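Trainee: Chains as they are written, first to last, in this note's numbering: chain A, 54 to 167; chain B, 177 to 292. Cβ coordinates follow ideal geometry from the N, Cα and C atoms, glycine included. Keep in mind the model is a prediction, meaning the values are calculated, not measured. Below you will find the structure I want to go over with you.
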């Protein structure tokens with residue numbers, strides 16, 4: 054089973070709203086990732102968690118706040134977003150060690166900021 | 177930073193034709209991954225390559241890790257309509273004690289259209 058699930062599938066929010074994206078995996082992976090993807094472009098890394106601790110933050114604005122409550126769950130809290138933040142947000146997970154190269158992606162959350 | 181050049185940017189082919197796409201890098205990688213992404217979905221891992229010169233197949237797909245460690249190609253044989261999508265290569269260089277673990281460098285993608 055290589056399934057990563059994400060909710061919601063679609064999200065429309067105003068610039069003053071607070072919302073959260075959720076990601077879950079049950080593959081026993083100890084590394085989890087958030088990516089942002091614009092149409093027909095490659096995914097751009099935002100955050101990496103390893104063993105539930107934030108290990109990489111790619112200089113993401115503070116209006117995006119990640120959280121890893123346990124080894125299976127990853128959240129992305131959104132607050133005061135801008136229209137240019139509209140994109141597909143992808144979660145991924147991987148094993149640690151040699152297998153860490155194989156990242157498995159979820160279906161994504163399509164976010165529209167109005 | 178590392179740059180990946182993926183070509184071609186797009187391909188329009190007839191069903192049954194073979195497809196070839198490649199990625200080249202300005203620096204070496206020790207892992208190459210190939211993903212396919214369909215509209216409205218996340219990327220799906222197709223093939224992972226770990227050793228220079230490695231040739232790996234997955235059904236009608238074949239990928240190779242270049243000897244120089246700076247390139248990789250993906251071939252699709254006898255294309256079918258469901259092969260439509262965007263194909264991304266991704267490379268990773270893991271440095272001992274470094275922070276590059278977990279970071280993939282993606283190519284810009286190859287958009288594949290298959291006409292029945």
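To which residues of the same chain is residue 238(B) closer than 6 Å at the C-beta, ignoring the five residues directly before and after it?
Mentor: 251
Trainee: Report yes or no: do three or more beta-carbon pairs, one from the stretch 115-130 of chain A and one from the stretch 91-105 of chain A, lie closer than 8 Å?
Mentor: With the rule of 3 Cβ pairs closer than 8 Å, the stretch 115-130 of chain A counts as touching the stretch 91-105 of chain A.
Trainee: Determine the closest residue to residue 114(A) out of 120(A), 123(A), 133(A), 73(A), with distance taken between C-alpha atoms.
Mentor: 133(A)
Trainee: List the residues of chain D whose Cβ lies closer than 9 Å to the Cβ of residue 107(A), in chain order.
Mentor: Absent from the structure is chain D; the protein chains it does hold are A and B.
Trainee: For residue 160(A), which of helix, strand or coil comes out of DSSP?
Mentor: coil
Trainee: Could you pull the DSSP bridge partners for residue 224(B) from this structure?
Mentor: 209(B)
Trainee: Could you give the first and the last residue of the continuous beta strand (DSSP E) run that contains residue 190(B)?
Mentor: 186-190
Trainee: Decide if the stretch 239-247 of chain B is in contact with the stretch 188-206 of chain B; the criterion is three or more beta carbon pairs, one per stretch, under 8 Å apart.
Mentor: Taking a cut-off of 8 Å for Cβ pairs, the stretch 239-247 of chain B and the stretch 188-206 of chain B touch, as three or more such pairs fall below it.
Trainee: Classify residue 256(B): buried if its beta carbon has 16 or more other beta carbons within 10 angstroms, exposed otherwise.
Mentor: exposed
Trainee: In the DSSP output, which residue or residues are listed as bridge partners for residue 84(A)?
Mentor: 103(A), 147(A)
Trainee: Pick out whichever of 211(B), 234(B), 254(B) has its Cα sitting closest to the Cα of residue 193(B).
Mentor: 254(B)
Trainee: Please classify residue 73(A): does DSSP put it in a helix, a strand, or coil?
Mentor: Three-state result, residue 73(A): strand.
Trainee: Which residues mark the beginning and the end of the beta strand (DSSP E) in which residue 290(B) is found?
Mentor: 286-291
Trainee: Is the beta carbon of residue 182(B) closer than 8 Å to that of residue 268(B)?
Mentor: no
Trainee: Report yes if the C-beta distance between residue 74(A) and residue 165(A) is below 8 Å; otherwise report no.
Mentor: no
Trainee: For a contact meaning CB atoms closer than 8 Å, what does residue 224(B) contact in chain A?
Mentor: By Cβ distance, chain A contributes 154, 155.
Trainee: Between which two residues does the beta strand (DSSP E) holding residue 260(B) run?
Mentor: Unbroken run through residue 260(B): none, as it is neither H nor E.
Trainee: Under 8 Å, do residue 221(B) and residue 155(A) count as touching if we go by C-beta distance?
Mentor: yes
Trainee: Which value, in whole angstroms, describes the spacing of the CA atoms of residue 246(B) and residue 70(A)?
Mentor: Computed Cα separation, rounded: 45 Å.
Trainee: Given the structure, does residue 200(B) come close to the ligand ATP, in the sense that its CB is under 7 Å from one of the ligand's heavy atoms?
Mentor: In the structure shown, the ligand ATP is absent, as is every other ligand, since no ligand is present at all.
Trainee: Drop a sphere of 10 angstroms on the beta-carbon of residue 195(B), count the other beta-carbons inside from all chains shown, and report buried for 16 or more, exposed for fewer.
Mentor: buried
Trainee: Hey, quick one: how far does the beta strand (DSSP E) through residue 59(A) stretch, first residue to last?
Mentor: 57-60
Trainee: With which residues is residue 199(B) paired in a DSSP beta bridge?
Mentor: According to DSSP, which records beta bridges pairwise, residue 199(B) is partnered with 182(B), 248(B).
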